[in-house]
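Peer 1:
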Amino acid sequence: MNFNYIKKVYSLTGMLGLAGAVCASDHSIQSARQDIITSDVSVQQKSNVDLLKEMFAKGLTNMKAGRCDFEHLYSPDYRQNVDGKTLNYEQFVAHLDDLHKTLNSLKIEFLDIVSEGDKVATRHKAYGVKKNGDVVEVLVVAIFGFKNGKIISCDELTHLIKGAKEDKEIGSRH
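In terms of the working numbering, the numbers along the sequence shown are unbroken and rise by one, the last being 279.
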């Protein structure tokens, strides 16, 4: 049984008083119990899409983010295959550091998100402004894998729409 559930039921009976809890109709108790169960489930289980959006917000587009801001979202076994290159978790973190050193800002526009089972596929555009003021625009098609509530893999293809020649590898550079 969930500890938070027990604590909330205890709080409910404490608010009603023991006599109140005994005297309350079964329907009231069942209704309150169902509300408690429903609220626990929604708080405890984030969807893979929600985890992915959190990763983009906390790790990718937040230019001040450090490892501690996003590491809870990734499996230590994380692997990213991008444009024919494979990055392990440490190389991926170095990639994020490189992005944060290169860019002043980064915005993600999700064009499509499809989720099935332990996979989430996205087609998104990344719009960046580099420290020198140059603009970078990249189209990304990616399939993310999830295991035990963490991102474990990403298979990604990128296409530079706008930017300098050296920006062609911005999706994998580290």
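All residues carry an ideal CB built from backbone N, CA and C; glycine is no exception.
#1: For D202, which option in F251, G222, F161, L165 has the closest C-alpha, if you only look at C-alpha atoms?
#2: Compute the beta-carbon to beta-carbon distance between M160 and N209, rounded to the nearest angstrom, for a pair I have assumed lies under 8 Å.
#3: For V241, collect the residues of the same chain with a Cβ closer than 7 Å to its Cβ; drop the 5 residues on either side in sequence, then sort them by chain order.
#4: Please return the same chain residues whose Cβ sits closer than 8 Å to the Cβ of P181, not counting the five positions on each side in sequence.
#5: Which residues does DSSP list as the beta-bridge partners of D260?
#6: Give the range of the alpha helix (DSSP H) segment to which L201 is assigned.
#7: Would you mind reading off the limits of the beta strand (DSSP E) that contains K235?
#8: Apart from the five residues just before and just after D260, which ones in its own chain have a Cβ nearer than 6 Å to its Cβ?
#9: Please work out which residues of its chain come closer than 6 Å, Cβ to Cβ, to R228, disregarding the five sequence neighbours upstream and downstream, and give them in chain order.
#10: Starting from the C-beta of A226, find all residues in its chain whose C-beta is less than 6 Å away, skip the five residues before and the five after it, and write them out in chain order.
#11: Closest to Y183 by CA distance: which of L211, F251, G238 is it?
Peer 2: A quick look at the data gives this:
#1: L165
#2: Their Cβ separation, rounded to whole angstroms, is 20 Å, which puts M160 and N209 out of contact at 8 Å.
#3: G233, K235, K267, G268, D272, I275
#4: Counting only Cβ-Cβ distances below 8 Å, and skipping sequence neighbours, we find Y194.
#5: DSSP, once it has assigned bridges, lists N186, I248 as partnering D260.
#6: In the DSSP assignment, L201 falls within the alpha helix (DSSP H) that extends over 194-207.
#7: 224-235
#8: Within the same chain, D260 has close Cβ partners N186, I248.
#9: L216, D217, V246
#10: V219, I248
#11: Per the C-alpha coordinates, the member of L211, F251, G238 positioned closest to Y183 is F251.
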